[in-house]
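**Student:** Read in order, the letters of the sequence shown correspond to residues -20 to -1, 1 to 306 in mature numbering (1 follows the signal peptide of the UniProt record, and there is no 0).
This is the structure I want to talk about, given as structure tokens.
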Amino acid sequence: MQNRLSAVACALLTAAILNGCSDSDEPVKYVEYALQGAYSGTLSPQSKYAVIGSFNHGGSLWNVSQHERLYNWNHKAGEYSLISASAFSPDELYAATAEQQDLVLWNLGTGKPEGFWSSPAEILAMDLSPNGNYALLGLADHTAVYFDIKHGGVKQTFRHDARVKSVDLSEDALLALTGDDAYNAQLWDVQSNKVIHSLKFGNIVDTVALSPNKQLAFSSGTLDRAVIWSTQDGKVLHTLSDNRDLFGKRLSFLSARFSPDNSQLLTGTASGSVQLWNTSSGEMLRSWAIHKRDPYGPTSTGVYSVGFGDGVYYAIGSNGIINELK
């Protein structure tokens, strides 16, 4: 009876798998990129760079391996911008930052802006095409748009039934994956503007990701299902968490990225945990708890972005700290 009570107490304290009473590993190293926390944070595709939207100092670009700030990126001279979203081109030549409806394209080599635009509505999420030519924007006006970020103009409008909170482009920019507040994850053909497959969830779709080979997709709803599914036939291959249990596997994922060889998936949760999954079996291979400023404080640290490095994994927390995981 005592053991059973201890198990129940553990579940009540954590209310989520992989936290508190879990066997999650700690980061081998953590470095502060934002003094008091961040509105946003994004790792580049090869985890060479990170864009941080700091509470106190606006936007900045960092060299991840050296943990060195390269440039301060703000949309107006002499002002700190509230960077709510950011993205990198798959070739790591360009990055973009968004401040509500303002959108800036940056050259990673020079650190200089190459385009400044105003979007049709508030920007909730975005991704970039190769060479930074186009941006896929998830907007608050119930659309996602494919925007010419170098010359201006909307090339495609993908209409939804609610706000589009998450987006991802395939590396060749032929497929777009979107998640909306109407509980739908949808795979689009960018050129024809047609829905290829659609999955229904039980809550807002927080996070979507496409594998480099375009064969796999990840989608998750708030405290709802998180699944790996096939882009070929739209069928769910693996359920990583679900909404059937009050405790146990009920999670909210904020970030996800497939490995370059498509064999693994990294995920980050709203409660500060990171998981490594085998995409063939759906098995969880490793888990970590990212660094908290106050280990005993009540505030959770969400994982804004995860990435694969050279022999190391990375995770950016909402507290402005980047974690190295092994």
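Beta carbons are placed, not taken as given, at the ideal position from N, Cα and C, and that holds for glycine.
Does the region 46 to 53 come into contact with the region 261 to 279, if we say contact requires no fewer than three beta-carbon pairs (one atom in each stretch) closer than 8 Å?
**Tutor:** The region 46 to 53, when compared against the region 261 to 279, does not touch it at the 8 Å Cβ threshold.
**Student:** Who are the near neighbours of residue 106 in its chain, counting only those whose CB is closer than 7 Å to its CB and skipping five residues on each side?
**Tutor:** So the qualifying residues of the chain are 65, 67, 76, 78, 115, 116, 117, 118, 147.
**Student:** Rounding to the nearest angstrom, what Cα-Cα distance links residue 169 and residue 176 in this structure?
**Tutor:** Approximately 7 Å between the Cα atoms of the pair.
**Student:** So, helix, strand or coil for residue 112, using DSSP?
**Tutor:** Residue 112: helix per DSSP, three-state reduction.
**Student:** Determine, using beta carbons only, whether residue 301 and residue 10 come nearer to each other than 8 Å.
**Tutor:** Yes, the pair counts as a contact, with Cβ atoms nearer than the cut-off.
**Student:** Does the distance from the C-beta atom of residue 136 to that of residue 125 stay below 8 Å?
**Tutor:** For residue 136 and residue 125, yes; Cβs fall inside 8 Å.
**Student:** Is the separation between the beta-carbon of residue 74 and that of residue 132 shorter than 8 Å?
**Tutor:** No; because the gap between Cβ atoms is not below 8 Å, this pair is not in contact.
**Student:** Looking only at its own chain, which residues have a Cβ that is under 6 Å from the Cβ of residue 236, when we skip the five neighbours before and after it?
**Tutor:** 187, 189, 198, 247.
**Student:** Can you tell which of 41, 152, 271, 217 has the C-alpha that lies nearest to the C-alpha of residue 4?
**Tutor:** Here the closest residue by C-alpha is 271.
**Student:** Could I get the ranges of all uninterrupted beta strand (DSSP E) runs contained in the region 6 to 55, with 3 residues as the minimum, in chain order?
**Tutor:** Those beta strand (DSSP E) runs which fall completely within the region 6 to 55 and span 3+ residues are 9 to 12, 18 to 23, 29 to 34, 38 to 43, 48 to 53.
**Student:** Indicate the three-state DSSP secondary structure (helix, strand or coil) for residue 174 in the structure shown.
**Tutor:** Note: residue 174 maps to strand in three-state DSSP.
**Student:** For residue 303, which residues does DSSP report across the bridge?
**Tutor:** Per DSSP, 10, 295.
**Student:** So, helix, strand or coil for residue 215, using DSSP?
**Tutor:** The answer is coil: DSSP assigns residue 215 none of H, G, I, E or B.
**Student:** Just to confirm the assignment: which complete beta strand (DSSP E) runs, minimum length 3, are found wholly within the region 143 to 210?
**Tutor:** With a minimum length of 3 residues, the continuous beta strand (DSSP E) runs that stay inside the region 143 to 210 are 144 to 149, 155 to 160, 164 to 169, 174 to 180, 185 to 190, 196 to 201, 206 to 210.
**Student:** Spatial neighbours of residue 174 within its chain, please: CB distance less than 8 Å, with the 5 preceding and 5 following residues excluded, ordered by chain position.
**Tutor:** Correct list, in chain order: 168.
**Student:** Check residue 100 in the structure and name its three-state DSSP category.
**Tutor:** Here residue 100 sits in coil by DSSP.
**Student:** Roughly how far, in whole angstroms, is the beta-carbon of residue 153 from the beta-carbon of residue 109, given that I think they are within contact range, below 8 Å?
**Tutor:** Their Cβ separation, rounded to whole angstroms, is 4 Å, which keeps residue 153 and residue 109 in contact under 8 Å.
**Student:** Report yes if the C-beta distance between residue 7 and residue 304 is below 8 Å; otherwise report no.
**Tutor:** Against a cut-off of 8 Å, the Cβ pair of residue 304 and residue 7 comes out as a contact.
**Student:** When you compare the CB positions of residue 285 and residue 260, do they come within less than 8 Å of one another, or not?
**Tutor:** The answer is no: Cβ separation not under 8 Å.
**Student:** Straight-line CA distance for residue 155 to residue 193?
**Tutor:** Going by the C-alpha atoms only, they are around 11 Å apart.
**Student:** Based on Cα-Cα distance, which residue from 204, 214, 257 lies nearest to residue 231?
**Tutor:** Checking every option, the nearest Cα to that of residue 231 belongs to 204.
**Student:** Any idea what DSSP makes of residue 78, helix, strand or coil?
**Tutor:** Reduced to three states, the DSSP call for residue 78 is strand.
**Student:** Taking residue 151 as the reference, give the member of 306, 249, 239, 279 with the closest Cα.
**Tutor:** When each option's Cα is compared against that of residue 151, the closest is 239.
**Student:** So who's on the other strand from residue 284, going by DSSP bridges?
**Tutor:** None, per the DSSP bridge assignment.
**Student:** Can you check whether the CB of residue 196 is closer than 8 Å to the CB of residue 184?
**Tutor:** No; because the gap between Cβ atoms is not below 8 Å, this pair is not in contact.
**Student:** Beta carbon of residue 57, beta carbon of residue 33: below 8 Å?
**Tutor:** No, they are not a contact pair.
**Student:** Going by DSSP, what residue range makes up the beta strand (DSSP E) through residue 126?
**Tutor:** Per DSSP, residue 126 belongs to the beta strand (DSSP E) from 123 to 128.
**Student:** Among 71, 159, 233, which has the Cα closest to the Cα of residue 88?
**Tutor:** Nearest C-alpha to residue 88: 71.
**Student:** Grab me the residues of residue 14's own chain with a C-beta within less than 6 Å of its C-beta, minus the 5 sequence neighbours each way, in chain order.
**Tutor:** Cβ within range, chain order: 32, 34, 300.
**Student:** Relative to the C-alpha of residue 162, which residue among 127, 129, 201 is closest?
**Tutor:** Comparing Cα positions, the closest option is 201.
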